[in-house]
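Shown next, in structure tokens, is the structure this report addresses.
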Amino acid sequence: MSEYKIEAGTAQHVGNRAAQHDRVALFTSARAPGYVLAVLADGGERNALGADQALLTAKQLFDEYKPGDPPSPERIGALLRDIAQETHDVLLMNPLAASAEARSTLVLLVLTPQRQAVWATVGDSRLYRFANGACAERSSDAAYIDHLVTIDKLPLEAARKHRGSRLLANVVGNPLKAPFVTAGMRADLQAGDAFLLCSDGLWSWFSDNELAAAVSRRRPREAAELLIDKARERAAGNGDNCSMAIVRLVPR
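Quick note on numbering: the sequence shown equals residues 1 to 252 in full-length UniProt numbering.
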């Protein structure tokens with residue numbers, strides 16, 4: 001069982017956009033006591049329909065999830081992939097969402113009572129894992145770019161420009177391409193470890209070291225206030241929606 005307790009929180013700011021199209025939430029489930037699911041979805045510039053659906057699907061499937069005996073990180077990984085795929089499928093079946101071009105990035109993180117973390121990402125919203133006050137790892141586009149080159153046989157330069165391409169955009173709800181899910185797992189979590197899920201309206205303004213310092217040294221609310229204030233300052237009137245979930249593991 002875990003030798004730490006969890007401090008967690010979410011925060012958002014609309015930035016300099018007309019509306020907030022990001023969504024972020026923390027969930028627990030009666031069928032999985034001691035488990036926590038963090039979800040962040042960025043609906044982009046058009047609307048929040050995709051992000052709303054991502055949160056709804058994540059909660060529904062997490063509520064139905066039953067840990068095995070013993071619990072399996074592989075089963076949790078399958079759950080996260082199912083959330084991404086079902087969100088994508090529902091968006092394509094929904095006439096309103098399809099006509100509105102509802103799409104969303106997605107970041108999912110599950111923490112278990114067995115000191116495990118399992119995560120999955122779709123698109124350019126990010127997950128960071130911090131340990132000993134430093135960035136130990138973070139999600140990136142590298143696996144997706146490699147997939148485009150090795151599987152789809154795209155030239156490397158074309159693959160690197162996927163964010164600006166309607167065809168190649170890696171999001172749930174894209175009728176031209178299925179979502180590419182990148183997954184990760186970490187066992188033996190320790191007090192002092194921390195996680196950050198965030199949209200590009202936040203991470204694009206910070207180095208990995210700056211994010212590590214803010215999240216590792218402050219409680220979630222204090223870290224979120226600092227990061228939002230600094231992101232708005234650096235954006236200088238051109239800030240995107242800014243959203244995050246912070247999860248810290250602290251000694252009991």
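Every residue, glycine too, gets a C-beta built ideally from N, C-alpha and C.
On a predicted model such as this, the values are computed, not experimentally measured, just so you know.
Give the straight-line distance between the Cα atoms of Asp22 and Gly201, rounded to the nearest whole angstrom.
As a position in the sequence shown, residue 22 is number 22, starting the count at 1. As a position in the sequence shown, residue 201 is number 201, starting the count at 1. So the two alpha carbons sit approximately 10 Å from each other.
Could you name each continuous beta strand (DSSP E) segment of 3 residues or more that falls completely within the region 167–252, going from the start of the chain to the end?
182–186, 194–198, 242–251
Out of Ala25, Asp240, Thr150, Arg218, point me to the one whose CA is closest to Gly133's CA.
Taking the sequence shown and counting its residues from 1, one reaches residue 133 at position 133. In terms of CA proximity to Gly133, Arg218 leads the group Ala25, Asp240, Thr150, Arg218.
So, using beta-carbon positions, are Pro175 and Gly123 closer together than 9 Å?
On the sequence shown, residue 175 is found 175 positions in, with the first residue counted as 1. On the sequence shown, residue 123 is found 123 positions in, with the first residue counted as 1. Result no, Cβ atoms of Pro175 and Gly123 do not sit closer than 9 Å.
Please specify which runs of the beta strand (DSSP E), each continuous and at least 3 residues long, are wholly inside the region 77–121, giving them in chain order.
Runs of the beta strand (DSSP E) lying entirely within the region 77–121, each at least 3 residues long, are 106–111 in chain order.
Taking 8 Å as the cut-off, does the region 225–237 touch the region 141–151 (at least 3 CB pairs, one atom from each stretch)?
no
Close Cβ partners of Ala120 (< 6 Å) along its chain, the five nearest in sequence each way excluded
Within the sequence shown, numbered from 1, the residue matching residue 120 stands at position 120. Result list for Ala120: Leu80, Leu108, Val181, Ala183, in chain order.
Report the partner residues of Gln12 according to the DSSP bridge assignment.
Numbered from its first residue, the sequence shown carries residue 12 at position 12. Answer is Ser243.
Neighbourhood of residue 322 by C-beta distance below 6 Å, restricted to the same chain and skipping five residues each side
Since the first residue of the chain shown is 1 and the last is 252, residue 322 is not available in this structure.
The alpha helix (DSSP H) with Glu64 in it runs from where to where?
Reading the sequence shown from its first residue, position 64 is the one you call residue 64. Counting along the chain, the alpha helix (DSSP H) containing Glu64 begins and ends at 49–64.
Taking the beta carbon of Gln190 as the centre, do at least 16 other beta carbons fall within 10 Å, making it buried, or is it exposed?
Position 190 of the sequence shown, counted from the start, is the residue given in the question as residue 190. When all chains shown are included, Gln190 counts as exposed.
Can you tell which of Glu7, Ala169, Gly34, Arg46 has its C-alpha closest to the C-alpha of Glu101?
Residue mapping note: residue 101 aligns to position 101 of the sequence shown, counting from 1. The option with the nearest alpha carbon to Glu101 is Arg46.
Assuming Leu211 contacts Leu40 under a Cβ cut-off of 8 Å, what Cβ separation, rounded to an integer in Å, is found between them?
Numbered from 1 along the sequence shown, position 211 holds the residue referred to as residue 211. Numbered from 1 along the sequence shown, position 40 holds the residue referred to as residue 40. Incorrect: roughly 14 Å between the Cβ atoms, too far for contact.
Taking all protein chains shown into account, decide if Gln60 is buried (16 or more other Cβ within 10 angstroms of its Cβ) or exposed.
For the purposes of this step, residue 60 is taken as residue 60 along the sequence shown, with counting starting at 1. Gln60 is exposed by the Cβ-count criterion.
What residues match up with Arg23 in a beta bridge as DSSP calls it?
Locating residue 23 in the sequence shown gives position 23, counting from the first residue. Ala41, per the DSSP bridge assignment.
Rank His162, Ala117, Phe195, Gly50 by C-alpha distance to the C-alpha of Arg129 and give the top, closest one.
Here residue 129 corresponds to residue number 129 of the sequence shown, with the count starting at 1. Here the closest residue by C-alpha is Phe195.
Within its chain, find whatever has a CB closer than 6 Å to the CB of Pro67; leave out the 5 residues flanking it on each side and keep chain order.
One-based indexing of the sequence shown puts residue 67 at position 67. Ala32, listed in sequence order.
For Leu148, name the three-state secondary structure that DSSP assigns.
Against the sequence shown, residue 148 aligns to sequence position 148. Three-state result, Leu148: helix.
Starting from Pro157, trace the alpha helix (DSSP H) both ways and give me its first and last residue.
Mapped onto the sequence shown, residue 157 falls at position 157. Inspection of the sequence shows that residue 157 is occupied by Glu rather than by Pro. It spans 156–160 - the alpha helix (DSSP H) in which Glu157 sits, taken as one unbroken run.
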